[in-house]
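Quick note, in full-length UniProt numbering, the sequence shown goes up one by one and the last residue is 199.
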Amino acid sequence: MFTGIVEELGSVVAVEDRGQDARLVVRGPLVVSDAHLGDSIAVDGVCLTVSGLPGDGTFAADVMPESLRRTALGALRAGAPVNLERALAVGGRYGGHVVQGHVDGVGTVLRREPGERWDEVEIGLPAGLARYVAEKGSIAVSGVSLTVTHVGDESFGVSLIPTTLAHTTLGTLEPGSPVNLEVDVLAKYAERLLTAVAR
């Protein structure tokens, strides 16, 4: 489990295309400092398992076909910046919201409007996800826990504070950029329970 509070802005060192799956090598000295094989690290909001520790502050992770289909990881290239977060340690601070690292779909940055010290960003939603997004609710955008400022049938808005702009990939995204979206898992469970009761 993660919180959506990005610990480090890392970078992709290598992407090995293996046909249906891929292997990523990512540089992130902070998240690797106490990493072991089998640990979970969120890369742009996608929970990946550490499968190798080559050294020099890097880790390797295998990306399965399901993750390539449902996320924007397949578009990553060497040199690309990525948001990194280690799994929440028991007793650790819980600053964001419940983030599983199980991406629900890929959204698209539609527009951004700079403010005095912040940016307002509108993000397009894949069909079927809008019902899980609520104004003042939480959503993870490329692994960053954000509060929804407004929501429509096909998009939602967020405000990016200076810290988010400076220390995550969201600060440099342009209109047209893909982002990984994970809606609040509590909304999905609530819908599932209500559907079961209605039967």
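Note that CB positions come from ideal geometry on N, CA and C, so glycine has one too.
Asked, Found
"Proximity to A166 [Cα-Cα], best of P81, V32, R27 and S155", "P81"
"Endpoints, beta strand (DSSP E) assigned at residue 204", "Outside the displayed range of the chain (1 to 199) lies residue 204, so it cannot be described from this structure."
"Nearest-angstrom Cα separation, counted from T195 out to P6", "Reading off the sequence shown, one finds Val at residue 6, where the question assumed Pro. Approximately 34 Å, taken between the alpha carbons."
"Any 3 or more C-beta pairs closer than 8 Å across the region 94-104 and the region 178-188", "yes"
"Contained alpha helix (DSSP H) runs [length at least 4] in the region 105-180, N- to C-terminal order", "162-167"
"Pair within 8 Å by beta-carbon distance, S142 and N83", "yes"
"Distance between V197 and L24 (C-alpha atoms, nearest Å)", "43 Å"
"Sequence-distant residues of its chain with Cβ nearer than 8 Å to V148 (five each side left out)", "V133, A134, E135, K136, G137, S138, I139, F156, G157 and V158"
"Beta-carbon spacing of L105, R131 below 8 Å", "Per the sequence shown, the amino acid found at residue 105 is Gly instead of Leu. Taking 8 Å as the Cβ cut-off, G105 and R131 do not qualify as a contacting pair."
"Given E8 as reference, the closest of R117, A190 and V144 once Cα atoms are compared", "V144"
"Sequence-distant residues of the same chain with beta carbon closer than 7 Å to Q20, five excluded per side", "P65"
"Identified DSSP bridge partners for D62", "R23"
"G92 versus A35 - alpha carbon distance", "16 Å"
"Inter-residue spacing [alpha-carbon to alpha-carbon] between A75 and V179", "11 Å"
"Residue from P162, V103 and L146 whose Cα sits closest to the Cα of G115", "P162"
"Contact check, P175 vs R111, beta carbons under 8 Å", "yes"
"G95 burial status per 10 Å Cβ neighbour count (16 or more: buried)", "exposed"
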